[in-house]
Each structure stands twice: as structure tokens, then as C-alpha cells.
Amino acid sequence: MKNVLILFAHPRFEKSKTNRALLAGVDKLEGVTLNDLYEQYPDFNIDIEREQELLVRHDVIIWHYPLYMYSAPALLKQWMDLVLEYGWAHGSRGNVLKDKIVLNALTAGGARASYAANQINRFTLREFLVPFEQTATLCKMIYLPPFVVHGTHLLSDQQLAEYVTLFHKLLGRLAMGGLPLASIRNYDYLNDWLLTDHG
Amino acid sequence: MNGIFLYDALIYLTAAVVFVPIAKKLGMGSVLGYLLGGIIIGPFFLGFVGEEGKDIMHFAEFGVVIMLFLIGLELEPATLWRMRKLILGTGAFQMGATTLLCFAALFLAGFSWQAALAAGLALAMSSTAIVTQTLREKALTKTEAGISSFAVLLFQDISVIPILALLPLLAVSGAHEPSGGDSSWMAGMTGWAQTAILLVAANAVVLAGRFVLVPFLRFIARIRLRELFTAAALLIVIATADLMTLVGLSPALGTFLAGVVLANSEFRHELESDIEPFKGILLGLFFIAVGASINFKLMIDNPLQIMVLVCGVIAVKSLVLYVTGKIARLSFDQNMIFTLGLGQVGEFAFVLFAFIAQLQILSTKWTDMMMGATAISMTITPLLLLINERLILPHFGTKESVETKSHDDITGGNAVIIAGFGHFGSTIGRFLRANGITATILDNDSDRVEILRKMGFTVFYGDATRLDILKSAGADEAKALIAAIDSPEINLELIDRVRKEFPKLEVMVRAKNRMDAYDLLDIGIEDIYRESLDTSVRLGVDVLIKLGFRKYSATRAGQNFIKYDEAALRKLAAHRHDREAYLFNTREQIALQEQLLANDREVSPNVHDDAWDGERRES
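Residue numbers (this note's numbering), protein chains in the order written: chain A, 11 to 209; chain B, 1044 to 1662.
Structure representation (C-alpha cells):
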């Protein structure tokens, strides 16, 4: 049994249909903690001690946010800058996060196909997420492919419900532990792995 | 002697402890409780005290003496100057008109003109003790009615000096035999000589205050012994009172003057906080004594005369006061409070009538009657105010509840109730309204209520601690109640009531300061908002910025400081009862500041802010 921490950053959560659907009831799931950063730190004054304690108590960390201008909302960046301290999360003596699993769960307005070299967004989503990937590596964590909900503006209720089921399945698998890490890392998105996974 | 004193103290204190809570529970205010207690322990009912007759008054008058000293202390020349028009205008009109009407009535009733004039002057006095106490309890001191009342009372208090000086001139035959071996050496002199002595004595107190008392207090303060300062303060009051009695003058007057003189010294606040507790108790004793001194036998013997006297005096005074209020442009509600509040004859009348009797301007029988009427009128005042609050104003004045436009909207129906709409509460109300949340407002200033209603607010007028008003404001359905009343005592009372009657309602409380916050923490309130925290820190942050700090760093420092201070508040709250002695106001504040400053040094919250510290990271 693993403990999963969702670090959720959304400055306008009340207006986000998709994220509200994804997160409804997740904190009731066994082993899952929801840390709503904008609700916790409306003044951006992050309690570093509290956040580090939370990290210590969990095995899987999820950065969950809507993609704004190809990155996370400001507070999540603030969180990374402040909480992942040198000598604690990285550096030769910073080994607290070593071998914990980390991944991005994000929602994006654009379709998956638009994130490609010859398309409007010019880069793949994985390329945009390189800073997160490298941060994870610096902190000696295990970085997994992202879970992505694309085209949020055009989702039908049916499609949204499917995403919600898929996300909850992901949380369940993460909490269960014993993931086939090597094979998962070959997928572009965790969505792809989840759809082929029959475990 | 000792035994008698202890026995008296026992009776008086028991009466206070028994009757004041009962009166408070019945919503009558402490003054009425004291008075009732006095009547019941008095010679007419239980007879525990009072065979000595005037002895009680003598003992209790000391409460008035101390009160006047404190009133004097509060009289900063600057305040006086700012209020000069109000004091002179309303005060002089009230005194003049009341005296004139009483004089005319008594003269027509067959009294000599001297007696009528003397009695008229005495009857024009209202009771500073009752009015200030009542207004403070109802948190009305800062309303128009409160300010006007204060002005009128002030004028009366000050005019006691010339009246006392004038009375000897009214003595019928110029010189008198001292009535019944009076010990004061002044009694045997001519009217002019007495007048002169009075003026000299008043000036002597002023001069002595300037050149003796202030240096004396400086000397005492340097010794740095807390109880010695209290002792010195009491000594000043008692000595002044005693000296004045010795020359045959009103001790209350002397201490009032001493207070005025010391108001300008640096010891003003120190004296106030040292003497305040004595004042409360002694004033209570005074009210008890007034109750006990009501001579029911006299009333039974001359029921008609007393009734006519009491009703007549209150009617005349109220009429004049109402006109005064009209001239001062008070609204109906405010004017009713002003009129009925000041409608009684005050404690100075006791002093004046005693002097009048001594000068034999009026026969002893009549001065006794007048004093009886005075005591009764004082007892009636709280009742009249109660009737005004519960019966008159709800029907004729600003309505307590809002006329509802439709029936399905019977209660305020708002999720938020704000009790107290002064500067603090109104900012909250405006902010909520700007965000589309209408709050129901409770306030006891009728003028403000009028304006707010015109602006479209849902406002309930009246005492927010009253259950029926809370109910009609919708406390049953509301989600949150904001206790933003200026007076911490009333705020506490409100919270107490709300938590008992509406346990589901979230209570969010304005705290004046740290001391207040402690009291609130003690009773288990979590949502406490100290007036003196956020704004001060914000200013501090701006200071840092002006000194060259980067704005974001300064802002973070401010945020961290508030967080740290809130935590410290809760930590220190738990320890504060450990201290061996309970310290009063200012001293407690200073002790607390010291403790805080020491704490700050130990855990400076901002020195450890290493966020984004690249230098350190690379090193």
C-alpha cells in the first residue's frame, strides 16, 4: 500500500468543470491525500515545513494542474522553488525524496494532435514538461509519464466521465504499488498505459 | 466600630452580589439592581441598614467623590474646548430653563423666592453617576444622545461651584446659627464671607494641584512601588475631600477640581487605571445607599405631595430636555434617550439640599421631601429608559425590525449578521456587499440606522444582545455572525448569548487587542480578529519598504510575522493564568509587551527565511 499526494494548483477551481469532476471524492479514496495549494496558501506564503512533512509521509507525488502558457500556475512553481530545498530534496545530502514516484496530471485546452513539431504548439507536451522531469531527476525521484486530459473545452459529458474513471483507476494503481515501472516509462502518456493495462 | 463597619460592608456587598446579577439577567442594567438592592436592605423592608439614616449616604457619597475625580481626570482641556458650544449651549439652556420653571412653580406654590430659587437650582441637576453608567452599559456614549448628555452633565457639574458660592447669599437673614452644632467653622459667617471662602477654596485646590500634587506624584512614581501609587492616588482623593469638608464645602466638588488639574499631568492614565476599580464598587454602594435612603414613611405620610413633586419635577425636566434636544437637532430616538436619561434629579442635589438645609433657606421637612423625591426620581430613571427602549421607541421611533416588503421575506434571511456597524463593522459590510453578499446589520445608534436603511441595508435597531432582536434578524438561519461591537464587554455578552441560543451560528469576533483576544480564547472562540494586528503590520511592512527593503521580501516578512504572532497569542494565552497576581489594565499591557519582545528575540521569524537563497545554496 502506497500513500499518494495530489499537489493541486488551480487559481480558478470553482470554474473548472473538468478538474472538479476529476477530483470529486478523491480525498475519500484509501491512501490518497489532496493538497489544494491555492486554498491552502491564498497569499502565496507557503508553509515549507508543512509541505516537507507531507512529502515525507507520501510515496507518490502528483503535480496536478491546468496547463497555462505551457507550464503550471504560478503557485505550483512557487511551491517547487520553496519546498524542494537544497540539502533536503537535492544536493549531496538531500536525499529525502529519493526513489519516490512523481508525475504530472494536467488538463489542457488543446487537442493532443496540436502538440507536435509541425503543429500550432510546435513542441510535444513531453517537451514542455522537461523542467518537471529534470527537477524530479535532480531530486533523485522516479519520473513517470503525465496523465493528460486534452481538449477540455470540447469534452462531452460521456468523454469526461471516461477520463474520471481512468484517473481514478490510475490513483488506485498508484496506491496499490508494485507498478511495472520499466514498461510504463515507454509510454508517452499514462493514459495510454492505463488503456492497455488489464491488471 | 470595627464590627459595625464589617457588618455594613457585609450587607452592602451581599446586596450588590445578589441583586445586580438578577437585574442584569432581567435586562435592567446594574444601576437599577443596586437601587433595588438598597431599597430591600433599607429600613423600610429588611432593615439591615439605615437606622443611622444619613450615615449611609455619608459613607456612599465617597463613591460619588471618586467618580467626580475620575470625571475631572477625563476632562482634557482640548476636549472641553472642542465641545464648548455644545456644553455652553445645551448646558446653559437646560440649567436656565429648568431652574426658571421650577422656581416659578415653587414660588407660586407659596415658597419664598429664595427658597424657590435654591430648590430650583438643586432640582436642575441630573445624575452623572446614573447617566454615565447607564449609557456605558448600553454602549450609547458615542451616539448623539450620549455626547449631548455628557455636555449637559458637564455644565451642571461645573455650575455646582458657583451655585454653592451663591447659596449663602440666599440665606434669608444673612447670618445663621449653625444648624444643630455643625462642626464646620464656616457656618457662622455672613453670606458674602462664605461666598468668598468658597471661591478661595476652589482656587486653592487648583493651585495646590499644580504645585503640590504633581510634584508629589512624581516623587511617588520614582519609588516604583505599584501599591504606593494607588495609595497616593486614594490619599489625594480622600485628603481633598476631607479638607473641603473641613471648610464646609462639597468634597465632590473639591475632588472634581483636583481631577481636572491632574488631567493635564502625565499621570492621568495611571491614576485612572489605579482608581477605576474603587470607583465601580463605591458607586455601586452609592446607588445602594440611595435606594436605602428612600424614606417610605415620608412617602406614606405625604403620598400626594411626594407624587406631585416627583412627577412634576420629572415632567418639567423632561420637557426642558426635550426642547433642548430639539434645539440641538437630535433625532426623535436620540432625543428620547437624552430626555429620559437626564430626567432625574442627581446626586449633587443631595449635596445642595444638605447645604440649603444647613443655611436654613428651606425647612428640614421640605429638604427631606426634596431629597426623597430626588432618590425616587433616580430610581425611576432606569425604569423609564427601559420603557422607552421596549415600548416607546419600537412604536414611535426608528423601528427595531425592518418593515418587510413581502411576507415570504419575514426575517432578514441573510447568511451573515453584523452586530455593530461602526467603522469596523461597516468596512466588513461594504466589502461583503461589493461581493454580492448582503448582511443583516444590528446597531444601537438610531441615527446611523436611519441612514443605513435609506441606503438599502437590512438593519435592525436595538441592543444586539437581546434574544428577540437576534431572532428577528434571522439568527436561526444565518450562517455567520460577526461580533463587531465597539465595547468588548457587550461583544462578550453577545457571544455568550449567541453560543447558548444559536449554537449552529459561526461566531467571528472583532477583538480590540491582545487582552481581548485572550478573553475570547478563554471562552473557546477560534475566529478572532485583532484590530491592532494586520494594520500595524501593514504599516510596518511599508516602513521596511521606505527604508529600502524589496517589497516582496518585506511583504513576506509581514506575512510571517502575523503567522508567528497568532501562534504566540495562543501559546501565551495558555500560560497567562499562571501568573500569581492579577494585574490591572496598563500594567498588564506593559508586562505583556515585555514578554512578547523577549519572545521575539528568541524566535525571530524572518531571520530564518532562507527561501530563494541562491548564495547560500551555491556555497
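The beta-carbon is built from N, C-alpha and C at its ideal position, and this holds for glycine as well.
All values derive from a computational prediction rather than experimental measurement.
Cβ-based neighbour list, residue i, same chain, cut-off 7 Å, excluding 5 preceding and 5 following
i	result
residue 1418 (chain B)	1333, 1336, 1337
residue 1059 (chain B)	1077, 1080, 1327, 1331
residue 1054 (chain B)	1084, 1091, 1092
residue 204 (chain A)	176, 179, 180
residue 1486 (chain B)	1463, 1464, 1492, 1502, 1504
residue 1156 (chain B)	1150
residue 1187 (chain B)	1373, 1377, 1490
Neighbourhood of residue i by C-beta distance below 8 Å, restricted to the same chain and skipping five residues each side
i	result
residue 150 (chain A)	100, 105, 107, 108, 109
residue 1264 (chain B)	1272, 1310, 1313
residue 44 (chain A)	16, 18, 33, 36, 37
Outcome for residue i when other beta-carbon atoms lying within 10 angstroms are tallied against a minimum of 16
i	result
residue 1575 (chain B)	exposed
residue 1552 (chain B)	buried
residue 1401 (chain B)	buried
residue 1466 (chain B)	exposed
residue 1438 (chain B)	exposed
residue 18 (chain A)	buried
residue 80 (chain A)	exposed
residue 1528 (chain B)	buried
residue 1319 (chain B)	exposed
residue 183 (chain A)	buried
residue 1275 (chain B)	buried
residue 91 (chain A)	exposed
residue 1130 (chain B)	buried
residue 1086 (chain B)	buried
residue 1557 (chain B)	buried
residue 1346 (chain B)	exposed
residue 1106 (chain B)	buried
Of the listed residues the options, nearest to residue i (C-alpha basis)
i	options	result
residue 1598 (chain B)	B:1577, B:1614, B:1536	B:1577
residue 1380 (chain B)	B:1393, B:1391, B:1362	B:1362
residue 36 (chain A)	A:180, A:164, A:204, A:159	A:180
residue 1536 (chain B)	B:1514, B:1298, B:1516, B:1562	B:1562
residue 1269 (chain B)	B:1369, B:1586, B:1317	B:1317
residue 21 (chain A)	A:38, A:33, A:52	A:52
residue 1082 (chain B)	B:1352, B:1063, B:1068	B:1063
residue 1120 (chain B)	B:1371, B:1546, B:1197	B:1197
residue 1214 (chain B)	B:1352, B:1238, B:1568	B:1238
residue 1192 (chain B)	B:1240, B:1135, B:1243	B:1135
residue 1409 (chain B)	B:1548, B:1161, B:1167	B:1161
residue 1530 (chain B)	B:1555, B:1523, B:1540, B:1511	B:1555
residue 1245 (chain B)	B:1288, B:1262, B:1261	B:1288
Span separating the alpha-carbon of residue i from that of residue j
i	j	result
residue 1624 (chain B)	residue 1499 (chain B)	Note on residue 1624 (chain B): pLDDT 40, under 50, position unreliable in the model; the coordinate value appears next. Each residue's Cα considered, the two are about 51 Å apart.
residue 42 (chain A)	residue 1521 (chain B)	34 Å
residue 1285 (chain B)	residue 1251 (chain B)	15 Å
residue 1322 (chain B)	residue 1109 (chain B)	6 Å
residue 1559 (chain B)	residue 1463 (chain B)	17 Å
residue 1223 (chain B)	residue 1508 (chain B)	Bear in mind that a pLDDT of 39 at residue 1223 (chain B), under 50, signals an unreliable position, so the model cannot answer this.
residue 139 (chain A)	residue 122 (chain A)	14 Å
residue 1195 (chain B)	residue 1610 (chain B)	47 Å
residue 1145 (chain B)	residue 1612 (chain B)	58 Å
residue 1496 (chain B)	residue 82 (chain A)	48 Å
residue 1206 (chain B)	residue 1399 (chain B)	11 Å
residue 1256 (chain B)	residue 1615 (chain B)	39 Å
residue 1501 (chain B)	residue 1180 (chain B)	25 Å
residue 1163 (chain B)	residue 1386 (chain B)	14 Å
residue 1212 (chain B)	residue 1065 (chain B)	47 Å
residue 1308 (chain B)	residue 1115 (chain B)	12 Å
residue 156 (chain A)	residue 1475 (chain B)	41 Å
residue 1208 (chain B)	residue 1151 (chain B)	26 Å
residue 1538 (chain B)	residue 1571 (chain B)	12 Å
residue 1608 (chain B)	residue 1588 (chain B)	21 Å
residue 1219 (chain B)	residue 1159 (chain B)	Caution applies to residue 1219 (chain B), whose pLDDT of 45 falls short of 50 and renders its modelled position unreliable; the model cannot decide the point.
residue 1668 (chain B)	residue 1281 (chain B)	Only positions 1044 to 1662 of chain B appear in this structure, which leaves residue 1668 (chain B) out of reach.
residue 88 (chain A)	residue 54 (chain A)	8 Å
Residues near residue i by beta carbon distance below 6 Å, same chain, minus five either side
i	result
residue 74 (chain A)	16, 18, 115
residue 1226 (chain B)	Confidence at residue 1226 (chain B) is low in this model, with a pLDDT of 44, below 50, so its placement is unreliable and the value that follows should be read with caution. Nothing listed; no residue qualifies.
Contacting positions in the segment 90-104 of chain A - beta carbon closer than 7 Å to chain B: Answer in chain order: 91, 92, 96.
Can you give me, in chain order, the residues of the segment 158-185 of chain A that have a beta carbon less than 8 Å from any beta carbon in chain B? none
What are the residues in the segment 109-135 of chain A lying within 7 Å of chain B by C-beta distance? Taking 7 Å as the Cβ-Cβ cut-off against chain B, none of the residues of the segment 109-135 of chain A qualify.
For the segment 43-63 of chain A, enumerate the residues whose C-beta is nearer than 9 Å to any C-beta of chain B, in chain order. Taking 9 Å as the Cβ-Cβ cut-off, the segment 43-63 of chain A approaches chain B at 53, 54, 55, 56, 57, 58, given in chain order.
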